[in-house]
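Q: 2 is the number of the first residue of the sequence shown in the working numbering; add one for each residue after it.
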Amino acid sequence: MARIHIIAPHRTGRSPSQRYRLEQYIPHLRAQGHEVLYARLLDVWDDRILYSRGHIISKGLLLLKAFLRRWRDVMGIRHGDTVLLHREAFMTRGILFERMIRRRAGLLIFDLDDAIWLMDVSEGNRRLSWLKDPAKTDRIIALADRVIAGNAYIAEHCRAIHSDVACIPTVIDTERYQVMPAPEEGPVVIGWTGSRTSTTHLVAVLPMLRAVHDRWEDRIRFRVISDIAPVLPGLPFEHVPWDPDTEPEDLAPMHIGIMPMPDDAWSRGKCGFKGLQYMAMGKAVVLSDVGVNSTIVHHGHNGFLARSEAEWMEAVGRLVEDADLRRRLGAEARSTVEQHWSLAAWRDAFLERLTP
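1. Judging by CA-CA distance, which residue of D174, D219, A3, Q25 is the nearest neighbour of R79?
2. Apart from the five residues on each side of it in sequence, which residues of its chain come closer than 6 Å, Cβ to Cβ, to T337?
3. DSSP three-state call for A9: helix, strand or coil?
4. Report buried or exposed for T356, applying the criterion of at least 16 other Cβ atoms within 10 angstroms of its Cβ.
5. Less than 8 Å between the beta carbons of A266 and A116, yes or no?
6. At the level of alpha carbons, what is the spacing between V286 and G14?
7. Alpha carbons only, please: which of D228, L207, K284 is nearest the one belonging to M262?
8. If you draw a straight line from the alpha carbon of I259 to that of H163, how long is it in whole angstroms?
9. Check for me: the alpha helix (DSSP H) holding F238 runs from which residue to which?
10. Do I110 and R348 have their CB atoms nearer than 8 Å?
11. Hey, would you say M76 sits closer than 8 Å to A183, going by beta carbons?
12. Could you have a look at M260 and say whether DSSP puts it in helix, strand or coil?
13. Tell me where the alpha helix (DSSP H) around E248 begins and ends.
14. Do G292 and K271 have their beta-carbon atoms positioned less than 8 Å apart in this structure?
15. Kindly list the residues whose CB is nearer than 6 Å to the CB of E239, restricted to its own chain and excluding five residues on each side of it in sequence; keep chain order.
16. Ordered along the chain, which non-local residues of its own chain (more than five positions away) have a Cβ less than 6 Å from that of L30?
Okay, here's the thing in structure tokens:
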């Protein structure tokens, strides 16, 4: 059996990307007899420094500590080991560690679930953007033995560079995410979940959200699940701090799940995971008609797609007014996830990708 090193930026339980693309597969890998070693780059203290403004000296020390940590990780790779590299080995320019891994590993698999060949910098690190080199993504793709892409848009980019690319979506554990009906009495809850980096998508559609609130007033309530409370002037909402241990339970009170996104290259690299979370729990959804969302949702069958503000208002309005429609679309949404976007449907394909 293989000895598999997972090389990732964050500690376990921290990053949704890692939890759903890497960590949820680990029990299955170990059940098949594989030894799995998980190498993270950042810890809790590092996150507090890295994603805040300023702290230039502390960030310099963080980079030094992370460099030494990653060096130790790479030195622990034995010839013949399998390495699953998620996104990048280190957060700055250059592919020193990737080249070191290439020389030591028997099999190097590169996994990416965003259009990371494009520049994307957190608000707290704008001044340090010169340290990033998104173009290195293409060099890592070329270096790998195999590539796993999170959607067809990413796979198309990778196939221009590498001949061995498989598309494995970000999937949901339908044992953990069960159907949890929202209360039948009281206001219709319109919900959104995401991180501080994606709250810009909510801000971008704030006029539409205000219009929804003005139209239905006390008949609806907005629920936002995120690591920090977004600033949404003029829109009353309930903020629920994101907690990986209670994520399904926090989503349960929602009647309608929304996923607004701009139609740009970065969004087309997204894997539709917010929508899949709602759908796995039997929620009716309205998603922006962008990228993989149009593959996940068949408009009017298992959810609604929307582009313009008028389309958003119409879709949300139909769901607010019609409880039977919400239930029907939610049931179809759950079935869609079980068949096409679940952990059970994809874990063997993932295992095969990691097998020498």
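From the three backbone atoms N, C-alpha and C, an ideal C-beta is built for every residue, glycine too.
A: In this structure, then:
1. Ranking D174, D219, A3, Q25 by CA distance to the CA of R79 puts A3 first.
2. Here the set comprises N303.
3. Shown here, A9 sits in coil according to DSSP, grouped into three states, outside any helix or strand.
4. T356 comes out exposed.
5. Judged by their CB atoms, A266 and A116 are nearer to each other than the 8 Å cut-off.
6. Separation of V286 and G14 (C-alpha to C-alpha, rounded to the nearest whole angstrom) is 26 Å.
7. Comparing Cα positions, the closest option is L207.
8. If you draw a straight line from the Cα of I259 to the Cα of H163, it is about 35 Å long.
9. Per DSSP, F238 belongs to no alpha helix (DSSP H) and is neither H nor E.
10. Contact flag unset, no.
11. No, these two residues do not count as a Cβ contact at 8 Å.
12. Annotated three-state conformation of M260 is strand, per DSSP.
13. Where E248 is concerned, the enclosing alpha helix (DSSP H) stretches over 248–252.
14. Their beta carbons are under 8 Å apart, which means K271 touches G292 by this criterion.
15. Hits under 6 Å: R224.
16. So the qualifying residues of the chain are V37.
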